[in-house]
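Only one structure is covered here, and it is reproduced in the block below.
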Ligand code: SDX
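Residue numbers (the numbering used here): 48 to 474.
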C-alpha cells in the first residue's frame, strides 16, 4: 500500500494521487505542491487552517491535547527548570546551553544591548500618543539600515549575529521609547543586571532614586517572555516567513511580523484583555458581556479566550495562571480587575457556548493580568509579546534560510469577479 492519497473528481471520474509526508509528531501532510499542474485546480483553505506551509523542527503544538514543545522540550518543563535566555539559546542554537555557554551568551547579549544614538532621534518623529507597536515596528525596520545594506546573508554566523543583536536591543528600544514618551531621562542598560531585570530597571529607574525591583517581579516577567518565545506558524510567524521568502532583510521580516502581531485577534489581545476587564468594571456586569460575547450578531468577543489551534486549555495560560497567583501573593494587583477576570473564567469554563466551541483562556488572558500587576503601561503589552517572540521569529527565519530551496510564498485564489467587462468596447 503506497503512502499516498487518491482524489477522485466525481464530475468526470478522473483520479489523482498525492504523496503523504509523515511527521515525527502530530498529523502527516498530503503533499499537494503539484496539485495545480496535476489537476488544473487550486485547493481552497480560508485562513490556511488545514495547511502546512513549511517543514519545521522548532516548535510542536497539539491543539487537542494542549501540548507545546520547543525542540522537544515541553513548555511546562522549561517553565519549571529554565529561564527565558535558556529558551532563547535553545531556539537559536538548537540545544539548551551548558552553564558556560549560557554565561557567554548572556555577555554577548549585554554587549549588544545598546542602540546607535542616532536611533533616539527617531522617537521625536512620533506624535505624543503614538502607539508603541507602531514605533517599535518603525525602529526595527530602521535598525536594518545600520546593518548590512545588501540582503545576501548566506551563512549561519551572520544569521546568529543578526539574531543576538535584535534580541538584545528590543528591551532597550522598548524602554527608551517609553521614557521618551513620558519625558523621562533615558536609563541605559546596566551591564551588572540580568536581561529581564534590566528591562524593568530601564523602565522604572530614575537618576535620583533607588529602583524598587522585587525578585518575584523579575521571575514573573521572565515567565511571560519565555511563554511567548515561539508558537509554530501563527499569523505573525507566517508573515516573517512570507517576507523572508522574498529574501528581504531579516529586520524588515521582523518589522512585518510586529505589524501582524499588533492586531487584537493576535498579540494585541493582552492589551484587549485589560481594556475589556476595565470596561466591564464590576462582577455584576460580567453576565451582560458574556451575553454579548455569545450573541452572533454582536461583534464583541471575550479577549483572551479562544485559539485557532488550542481546542483545550492553552498550556501557556496554565503556567501563567500559576505565576499570576504567585505574583499577586507578593504584590498588589487591582482586586476588582481580578474578581472580574475570575468570574469571566468561571463562567466561560462552564457555559455551554464556550465549552462546545472549545473556547478556553489563552496565553493573553493571564499575561495581561501579570503585566498589569508589573505596572507595564497597557499599550506596551504587545511590545512585551514582541520582546518574547523575537527569538522565535529569528529562529524561524534562520530555519527558512537554511532550507535548501526557498520558494517565494505565492498563494492563488478562487476568482469570483466579472468574466469580462462589457464596457471594454464602449470606453
Ligand atoms: C494569540 O496562532 C497562535 O498561535 C497565536 C498565539 C501565538 O502565540 O502566536 O497563540 C497568540 O494570538 C492568542 C489568541 C489571542 N486572541 C484573542 O484572545 C482574541 C479573542 N479570540 C478570538 O478572536 C478567536 O478565538 C481567535 C481569533 C483567537 C481564534 O479565532 P478562530 O479559530 O478563527 O475562531 P472562530 O472564529 O472559528 O470561532 C469559532 C467559534 C465562532 O462561533 P460560531 O461561528 O461557531 O458560532 O467560536 C466563537 C466564534 O464566534 N469565538 C468566540 C471567541 N473566539 C471564538 N466567541 C466569543 N469570544 C471569543 N473570544
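Don't be surprised by glycine CBs; every beta carbon is placed ideally from N, CA and C.
Subject >> Cβ contact (3+ pairs, closer than 8 Å) linking the region 292–305 and the region 453–466 >> reply: yes
Subject >> Whole-angstrom distance between residue 281 and residue 462, CA atom to CA atom >> reply: 26 Å
Original post:
How would you write the range of the alpha helix (DSSP H) that residue 227 sits in, first residue to last?
Top reply: Secondary structure note for residue 227: its alpha helix (DSSP H) is the uninterrupted segment 203–229.
Original post:
Excluding five sequence neighbours on each side, which residues of the same chain lie with their C-beta closer than 6 Å to the C-beta of residue 249?
Top reply: 222, 234
**OP:** Would you decide whether residue 239 is buried or exposed? Buried here means 16 or more other CB atoms lie within 10 Å of its CB.
**Re:** exposed
**OP:** Count the CB pairs spanning the region 352–364 and the region 400–415 that are closer than 8 Å, and state whether there are at least three.
**Re:** yes
Subject >> C-alpha distance - residue 391 paired with residue 260, whole-angstrom precision >> reply: Cα to Cα, residue 391 sits roughly 31 Å from residue 260.
Subject >> Outcome for residue 95 when other beta-carbon atoms lying within 10 angstroms are tallied against a minimum of 16 >> reply: Residue 95 is exposed by the Cβ-count criterion.
Original post:
Does the Cβ-Cβ distance between residue 371 and residue 305 come in under 7 Å?
Top reply: Going by beta carbons, residue 371 and residue 305 fall outside the 7 Å limit.
Original post:
So, using beta-carbon positions, are residue 374 and residue 263 closer together than 7 Å?
Top reply: yes
Original post:
In chain order, what residues of the same chain lie with their CB nearer than 6 Å to the CB of residue 217, ignoring the 5 residues before and after it?
Top reply: 434, 437
Original post:
Between the C-alpha atoms of residue 112 and residue 357, what's the straight-line distance to the nearest angstrom?
Top reply: If I take the Cα positions, the gap works out to 8 Å.
**OP:** Check whether the Cβ of residue 159 lies closer than 6 Å to any heavy atom of the ligand ADP, and answer yes or no.
**Re:** Ligands displayed in this structure: the ligand SDX; the ligand ADP is not among them.
Subject >> Bounding residues of the alpha helix (DSSP H) (the contiguous stretch that carries residue 454) >> reply: Per DSSP, residue 454 belongs to no alpha helix (DSSP H) and is neither H nor E.
Subject >> Residue from 104, 172, 193, 173 with nearest C-alpha to residue 142 >> reply: 104
Original post:
In chain order, what residues of the same chain lie with their CB nearer than 6 Å to the CB of residue 190, ignoring the 5 residues before and after it?
Top reply: 298
**OP:** Determine the DSSP secondary structure at residue 54, reduced to helix, strand or coil.
**Re:** Note: residue 54 maps to strand in three-state DSSP.
Original post:
Mind pulling the beta strand (DSSP E) runs of 3 or more residues that sit fully within the region 60–99?
Top reply: 61–68
Subject >> Beta-carbon spacing of residue 286, residue 303 below 7 Å >> reply: A contact, by the Cβ cut-off of 7 Å.
**OP:** Keeping to the same chain, check which residues put their C-beta closer than 7 Å to that of residue 220; ignore five residues upstream and five downstream.
**Re:** 162, 183, 186
**OP:** Mind reading off the beta-carbon distance from residue 384 to residue 325? Whole number of angstroms is fine, and I expect it under 8 Å.
**Re:** 7 Å
Original post:
In terms of DSSP beta bridges, what is residue 485 paired with?
Top reply: In this structure the chain extends from 48 to 474, so residue 485 is not present and cannot be described.
Original post:
Can residue 117 be considered in contact with the ligand SDX, in the sense that its beta carbon sits closer than 6 Å to one or more heavy atoms?
Top reply: no
Subject >> Inter-residue spacing [alpha-carbon to alpha-carbon] between residue 127 and residue 146 >> reply: 17 Å
**OP:** Leaving aside the five residues before and after residue 78 along the sequence, list all residues of the same chain whose C-beta is less than 8 Å from its C-beta, in chain order.
**Re:** 65, 66, 67, 68
Original post:
Is the beta carbon of residue 276 sitting closer than 7 Å to the one on residue 439?
Top reply: yes
**OP:** Sort out for me which residues DSSP pairs residue 116 with in a bridge.
**Re:** 107, 121
Subject >> Cβ-heavy atom distance, residue 262 to the ligand SDX, below 6 Å >> reply: no
Subject >> Integer-rounded CB distance, given that residue 274 should sit under 8 Å from residue 149 >> reply: Not really, about 19 Å apart at Cβ, beyond 8 Å.
Original post:
Got a sec? Which residues, its chain only, sit under 7 Å from residue 429 by beta carbon, not counting five neighbours each side?
Top reply: 180, 308, 309, 314, 315, 317, 318
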